[in-house]
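Q: Position in the sequence shown (from 1) plus 3 gives the number in our numbering.
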Amino acid sequence: MRAARVHTLDGPRAMQVEEVDDPTRDDGQVLIEVHRAGVTFPDALQTRGLYQYRSELPFIPGSEVAGTVLEAPDGAGFKPGDRVAAFPMLGGFAGRVAAPVHMTFPLPDRVSMSAGAALPMNYLTVEFALGRRGRLAADETVLVHGAAGGIGTATIQLAKALGADVIAVTSTDEKGEVALAAGADHAIRVEGFKDAAKELTDGRGVDIVVDPVGGDRFTDSLRSLAVEGRCLVIGFTAGDIPTVKVNRLLLNNIEVVGVGWGAFVLPRPDEVRNQWQRLLPHLNAGQLDPPIGEEYALDDAGEAVASLEERTATGKVLLAVRD
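(1) To the nearest angstrom, how far is it from the Cα of Asp198 to the Cα of Glu312?
(2) Asp214 and Ile237 - do their beta-carbons sit closer together than 8 Å?
(3) Report the residue from Lys178, Gly289 and Gly137 whose alpha carbon sits nearest the alpha carbon of Val259.
(4) Report the rounded CA-to-CA distance for Leu254 versus Leu291, giving the unit in angstroms.
(5) Could you give the DSSP three-state label for His189: helix, strand or coil?
(6) Going by DSSP, which residues form a beta bridge with Gln290?
(7) For a test of the three-state rule: what should DSSP assign to Ile257, helix, strand or coil?
(8) For the beta strand (DSSP E) holding Leu235, just list the boundary residues, first then last.
(9) For Gly296, which residues in the same chain have their Cβ closer than 7 Å to its Cβ, ignoring the five residues on either side in sequence?
(10) Counting pairs of Cβ atoms below 8 Å between the segment 113–131 and the segment 139–149, do you hit three or more?
(11) State the CB to CB distance for the pair Gly31 and Val104, rounded to an integer number of angstroms; the pair is presumed to be in contact (CB under 8 Å).
(12) Going by DSSP, which residues form a beta bridge with Val42?
(13) Just curious, the beta strand (DSSP E) that Pro109 is in, first and last residue?
(14) Should the segment 86–103 be regarded as contacting the segment 51–70, the criterion being three or more beta carbon pairs within less than 8 Å?
(15) Look at the Cβ atom of Phe62, then the Cβ atom of Val9, and state whether they are nearer than 8 Å.
(16) Rounded C-beta distance between Ala182 and Thr173? I'm assuming under 8 Å.
(17) Can you tell me whether DSSP reads Gly70 as helix, strand or coil?
(18) Bridge partners for Thr173 per DSSP, in chain order?
(19) Along the chain, which unbroken stretches of the beta strand (DSSP E) at least 3 residues long are found entirely within the segment 275–322?
(20) In this structure, how does DSSP classify Glu36 when only helix, strand and coil are distinguished?
(21) Roughly how many angstroms separate the alpha carbons of Leu127 and Arg281, rounded to a whole number?
(22) Whole angstroms are fine: how far does the CA of Lys201 sit from the CA of Arg207?
(23) Buried or exposed for Gly119, please, with buried defined as at least 16 other CB atoms from any protein chain shown within 10 angstroms of its CB.
(24) Give me the Cβ distance between Thr11 and Val308, rounded to the nearest whole Å; I'm assuming they're in contact under 8 Å.
(25) Does Leu53 pass the burial test, meaning 16 or more other C-beta atoms within 10 Å, or should it be called exposed?
(26) Taking the alpha-carbon of Gly263 as reference, which of Ile159, Gly305 and Leu235 has the nearest alpha-carbon?
(27) What number of angstroms, rounded off, separates the C-alpha of Ile154 from the C-alpha of Asn125?
(28) Please report how far the alpha carbon of Trp279 lies from the alpha carbon of Phe108, in whole angstroms.
(29) Starting from the Cα of Ala97, find the closest Cα among Gly261, Asp25 and Gly152 and give me that residue.
(30) What whole-angstrom Cβ distance do Val37 and Ala79 have, given they're in contact under 8 Å?
(31) For Thr128, name the three-state secondary structure that DSSP assigns.
(32) Give the DSSP-derived three-state secondary structure of Pro270 in the structure shown.
(33) Does DSSP classify Pro123 as helix, strand or coil?
(34) For Gly179 versus Ala190, is the C-beta spacing smaller than 8 Å?
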C-alpha cells in the first residue's frame, strides 16, 4: 500500500510518500480500508519530534480515519464492509490501518467519509472538554479561540447542540465567517476580544473560555470570565505556553482547567465508546457536521500538515486516500 512516512524530524514537508507493507492486526484491532484521513496539529508536532508521544523512525502519522472494515475480531461488533470512523493513534496516512476495537466507531449512513474522518480527535476532545472538564450547562456562554480551526468549529457545534451561546474569536474576518457558518452566535476579532466579549454579555463575562491557542491572549481570557467561570486549556498552537498568576483565580472564583483527552481515555477504554454514544444523537440530528476545509491528495500530505503548522487552514483539513 502507499503511505506518507516520517523519516527525519525536519517538519511536515520532509514526509515521503512511498510503498510500504500492509499492516497486520492483532486480536484487539480492526483492519480498516482508509477513505479519508484527518490532519491534526499533533501530526505537525510529531514531524519535528515535539509531541508528548514520540514514535520510532520511520513512522506513518495520522490519528483519525474514516473507511470500511476489512477484518474484525469476533465479538467486536463490526463486520467487513461496515462504515466506521476510528482513532488509530498512528498510521492513518495510508491505504490501510489497524485501529483498536475500542477506538473504532460505527459511522451513521448520513455522515460522509469526509465528515467521519473529521470527528474522532476534535469532537471527542471537545465532548470531554465541555462535558466532563467544563461542566457546561444549557444557557451558558462559551468563548472559543481559534474558532475557525478543527477544535474551534467542533466546540461551536457541540456547545450549540448543548444549548449554549457561542462567541467565536478569530484572527481575520474571513475566519470569522467560517465560525459563523459553523453556528457561532457572534464572531469577534482577537484584537480587543476581552472588551468585545464583556460588551456582548452586558459586562457579566463568559462562563467558559475554550483555548487551544495559548500565547499572550491567555491573561485576557481569564479577565473575560464571569464569576465562577472556567478557562479550558486544550493546547498551544501559538507556540508559547502561558503562565498563570494564581491570585487572578481568587478575584471571581474562576478556574483554569486542563483538558488532556488522550491522557484520560487511554487507560479507560470504555470511556471512549461512552463518549461516542453521547455524540451519536447529535450526529443523527445533523447538529454536528464538521466544516471541511481543503482535501489534499495523499501525495500532498506534507503540504496538508504544514497548513496547520503555519495556521493557514480553515475548517478541517483532510487527506483523500481513496475515492
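We treat Cβ as the ideally placed atom computed from N, Cα and C, and that holds for glycine. Since the model is a prediction, treat every value here as computed from it, not as a measurement.
A: To lay it out plainly:
(1) What you label residue 198 is simply residue 195 of the sequence shown in a count that begins at 1. What you label residue 312 is simply residue 309 of the sequence shown in a count that begins at 1. When rounded, the separation of the alpha-carbon atoms in Asp198 and Glu312 is 29 Å.
(2) As a working mapping, residue 237 is identified with position 234 in the sequence shown. As a working mapping, residue 214 is identified with position 211 in the sequence shown. Judged by beta-carbon spacing, Asp214 lies within the 8 Å limit of Ile237, meaning their Cβ atoms are closer than that value.
(3) Counting from 1 along the sequence shown, the entry for residue 259 is found at position 256. Closest option to Val259, Cα to Cα, is Gly137.
(4) Residue numbering aside, residue 254 sits at position 251 when the sequence shown is read from its first letter. Residue numbering aside, residue 291 sits at position 288 when the sequence shown is read from its first letter. Spanning the two alpha carbons is a distance of roughly 36 Å.
(5) Against the sequence shown, residue 189 aligns to sequence position 186. In the structure shown, His189 sits in a strand (DSSP, three-state: E or B).
(6) Here the question's residue 290 lines up with position 287 in the sequence shown. As DSSP reads the structure, Gln290 sits in no beta bridge.
(7) Walking along the sequence shown from the start, residue 257 turns up at place 254. It is coil, neither helix nor strand.
(8) By 1-based counting over the sequence shown, the position of residue 235 is 232. It spans Leu228 to Val236 - the beta strand (DSSP E) in which Leu235 sits, taken as one unbroken run.
(9) Taking the first residue of the sequence shown as 1, we reach residue 296 at position 293. Ala316, Thr317, Gly318, Lys319 and Val320, listed in sequence order.
(10) No, they do not touch.
(11) Within the sequence shown, the letter at position 28 stands for residue 31. Within the sequence shown, the letter at position 101 stands for residue 104. Contact between Gly31 and Val104 is confirmed by a C-beta separation of about 6 Å, below the 8 Å threshold.
(12) Residue 42 sits at position 39 when you count from the first residue of the sequence shown. DSSP, once it has assigned bridges, lists no residue as partnering Val42.
(13) Within the sequence shown, residue 109 is the residue found at index 106, counting from 1. Where Pro109 is concerned, the enclosing beta strand (DSSP E) starts and stops at Thr107 to Pro109.
(14) At 8 Å Cβ cutoff, the stretches touch.
(15) The residue you call residue 62 lines up with position 59 of the sequence shown. The residue you call residue 9 lines up with position 6 of the sequence shown. Phe62 is a Cβ neighbour of Val9, given a cutoff of 8 Å.
(16) Here residue 182 refers to the residue found at position 179 when the sequence shown is read from its first residue. Here residue 173 refers to the residue found at position 170 when the sequence shown is read from its first residue. In this structure Ala182 touches Thr173 by the C-beta definition: roughly 6 Å separates them, less than 8 Å.
(17) Taking the sequence shown and counting its residues from 1, one reaches residue 70 at position 67. DSSP places Gly70 in strand when its eight states are reduced to three.
(18) As a first step, residue 173 is located in the sequence shown; it is residue number 170 there, counting from the start. Note: Thr173 sits in a beta bridge opposite Arg192.
(19) Qualifying beta strand (DSSP E) stretches, in chain order: 295–300.
(20) The residue you call residue 36 lines up with position 33 of the sequence shown. Strand at Glu36.
(21) Position 124 of the sequence shown, counting from 1, holds the residue named residue 127. Position 278 of the sequence shown, counting from 1, holds the residue named residue 281. Cα-Cα distance, rounded: 10 Å.
(22) Within the sequence shown, the letter at position 204 stands for residue 207. Within the sequence shown, the letter at position 198 stands for residue 201. Cα atoms of Arg207 and Lys201: separation of roughly 6 Å, rounded to the nearest angstrom.
(23) Residue numbering aside, residue 119 sits at position 116 when the sequence shown is read from its first letter. In summary, Gly119 is buried, with 16 or more beta-carbon neighbours lying within 10 Å of its beta-carbon over all protein chains present.
(24) Residue numbering aside, residue 11 sits at position 8 when the sequence shown is read from its first letter. Residue numbering aside, residue 308 sits at position 305 when the sequence shown is read from its first letter. Rounded to whole angstroms, the Cβ separation of Thr11 and Val308 is 14 Å, and the two are not in contact under 8 Å.
(25) Looking up residue 53 in the sequence shown gives position 50. Classification of Leu53: exposed, given that the 10 Å Cβ count is below 16.
(26) By 1-based counting over the sequence shown, the position of residue 263 is 260. Distance check between Gly263 and each of Ile159, Gly305 and Leu235 places Leu235 closest, using alpha-carbon atoms only.
(27) As a first step, residue 154 is located in the sequence shown; it is residue number 151 there, counting from the start. As a first step, residue 125 is located in the sequence shown; it is residue number 122 there, counting from the start. Rounded to whole angstroms, Ile154 to Asn125 spans 5 Å at the Cα level.
(28) As a working mapping, residue 279 is identified with position 276 in the sequence shown. As a working mapping, residue 108 is identified with position 105 in the sequence shown. Rounded to the nearest angstrom, the gap between the Cα atoms of Trp279 and Phe108 is 7 Å.
(29) Taking the first residue of the sequence shown as position 1, residue 97 is located at position 94. Of the candidates Gly261, Asp25 and Gly152, the one whose C-alpha sits nearest the C-alpha of Ala97 is Asp25.
(30) Residue 37 sits at position 34 when you count from the first residue of the sequence shown. Residue 79 sits at position 76 when you count from the first residue of the sequence shown. Going by Cβ atoms, the distance from Val37 to Ala79 rounds to 18 Å, so no, they are not a contact pair.
(31) Taking the first residue of the sequence shown as 1, we reach residue 128 at position 125. Here Thr128 sits in helix by DSSP.
(32) Position 267 of the sequence shown, counted from the first residue, corresponds to residue 270. Note: Pro270 maps to coil in three-state DSSP.
(33) By 1-based counting over the sequence shown, the position of residue 123 is 120. DSSP places Pro123 within a helical segment (H, G or I) once states are collapsed to three.
(34) As a working mapping, residue 179 is identified with position 176 in the sequence shown. As a working mapping, residue 190 is identified with position 187 in the sequence shown. In this structure, Ala190 lies closer than 8 Å to Gly179 by Cβ.
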